[in-house]
Every structure is written in C-alpha cells, then in structure tokens.
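Numbered according to the working numbering, the sequence shown spans residues 1 to 171.
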Amino acid sequence: MAVEPLIDESSIQHRLEAMGREIEDDYRDKPLTIVAVLTGSLIALADLVRRIRIPLRIALVQASSYRGKTTTATTLVVNEAFAPDVAGRDVLLLDDILDTGQTLSALVQHIEDRGAASVRTAVLLRKIGRQIVPIEPDYCGFVIPDVFVVGYGLDYNDDYRHLPFVGVLRE
Ligand code: 5GP
Ligand code: MG
C-alpha cells in the first residue's frame with residue numbers, strides 16, 4: 001500500500017493556527033472543555049490546544065459503531081470508562097473526520113445528556129458526498145473529496161496514524 005500526500009504538514013499547522021484564533025475569540029471567558037474523540041483526533045488535539053491561549057480543559061471520549069447483521073442502522077456505543085465531567089462546561093467536541101456524520105451527531109447528544117452548558121463541534125477533515133446525518137461542524141480544517149485518507153491521527157487497521165501529513169491510501 002502506498003500513501004499519496006493530500007494535505008502537507010505545514011498546511012495543517014497553518015490551518016490549526018487559524019482555527020485556534022477562532023476558538024480563542026469564541027470562548028474567551030467561558031469554561032471551555034475540548035472533548036476529543038479517540039483515537040483519530042489525538043494528533044490534532046495535541047497540535048490545536050497548544051495554539052489556544054485561553055484557559056481550557058481536555059477530556060476524551062471513545063465510541064464504537066456497530067452495524068447489525070439484519071439492519072443497516074448503525075448503533076454508536078460510547079465507552080463509559082472515560083465519562084468526561086462536562087456538567088456546566090462549554091464543550092467543543094473534536095473529531096478527525098466528518099464522514100456520514102453519525103459519530104459526531106450521536107456524541108453531541110451524549111455530551112448534552114451529560115449536562116454540558118453548550119456543545120459545538122470541530123473536525124480536521126470533512127468528507128464530501130457521504131453525509132447521512134445533517135450536522136454542520138462549527139470549525140472545519142479542510143474539505144476533502146470522497147477518498148479514504150490516513151495519517152495525522154487517521155488509521156487503516158491501526159497503521160499510519162503517526163504520519164505528520166494526511167494522505168490517500170492506494171493499493
Ligand atoms: P462518521 O460517523 O462521520 O461516518 O464517521 C466518522 C469516523 O469514521 C471517523 O472518526 C473515522 O474514524 C472514520 N472515517 C471516516 N472516513 C475515514 C477515512 O477516510 N479515513 C479513516 N482513516 N477513517 C475514516
Ligand atoms: Mg474516529
């Protein structure tokens with residue numbers, strides 16, 4: 001398998017800098033908690049938070065989706081071991097990529113149910129053409145075409161997450 005570069009390292013860092021400025025402006029004097037979705041958003045989380053110069057907290061969630069044998073409906077199961085304490089906090093949910101939108105929309109509901117004061121969403125990537133659930137991310141790094149990408153946190157069978165750039169996996 002070969003990885004063909006799609007978004008280079010410096011473009012990602014520039015974009016995160018701009019997103020950091022937006023987040024700073026929007027959350028000044030608010031109790032911000034960034035809740036990152038494991039595992040794909042970890043690299044973006046580490047780079048993004050170091051560019052945000054207002055107080056914030058970091059929490060994690062883990063969710064897995066299961067598709068039943070007899071149904072096409074996807075169920076998202078949230079790992080309660082992480083159980084982020086978000087009561088009264090203004091939460092920014094961070095994920096690596098918005099694809100069908102099912103993960104992010106279910107997690108927004110989950111975080112609201114845990115008593116957050118507000119919930120917004122940020123994604124590094126937004127894939128065009130596959131969205132099922134109508135959700136608009138509040139902060140978006142890059143819009144990409146319908147290709148399978150790896151790197152900068154994103155995996156294929158748990159490989160490639162460490163690459164400092166985003167690339168397209170080719171056979
Ligand atoms: P959604 O619930 O929006 O369909 O899916 C979001 C999740 O699907 C992401 O968090 C990610 O784990 C996975 N995903 C979707 N598209 C891609 C892709 O192009 N590459 C990788 N590595 N994961 C993807
Ligand atoms: Mg994911």
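Built from N, CA and C at the ideal position, the CB exists for glycine as well.
- About 11 Å separates the CB atoms of Asp99 and Leu154; that is not less than 8 Å, and the two are not in contact.
- With a threshold of 8 Å, the Cβ atom of Tyr156 counts as near the ligand 5GP, since some heavy atom of the ligand is closer than that.
- Taking non-hydrogen atoms of the ligand 5GP into account, the C-beta of Ile52 is found less than 8 Å away from none of them.
- Measuring C-alpha to C-alpha distances from Tyr27 to each of Ile12, Val77 and Val49 identifies Val49 as the nearest.
- Counting only the Cα atoms, Asp29 lies some 30 Å from Ala63.
- If you look at Thr100, you'll find it isn't in any beta strand (DSSP E); DSSP assigns it neither H nor E.
- Put simply, the backbone Cα of Asp158 is about 22 Å away from that of Glu80.
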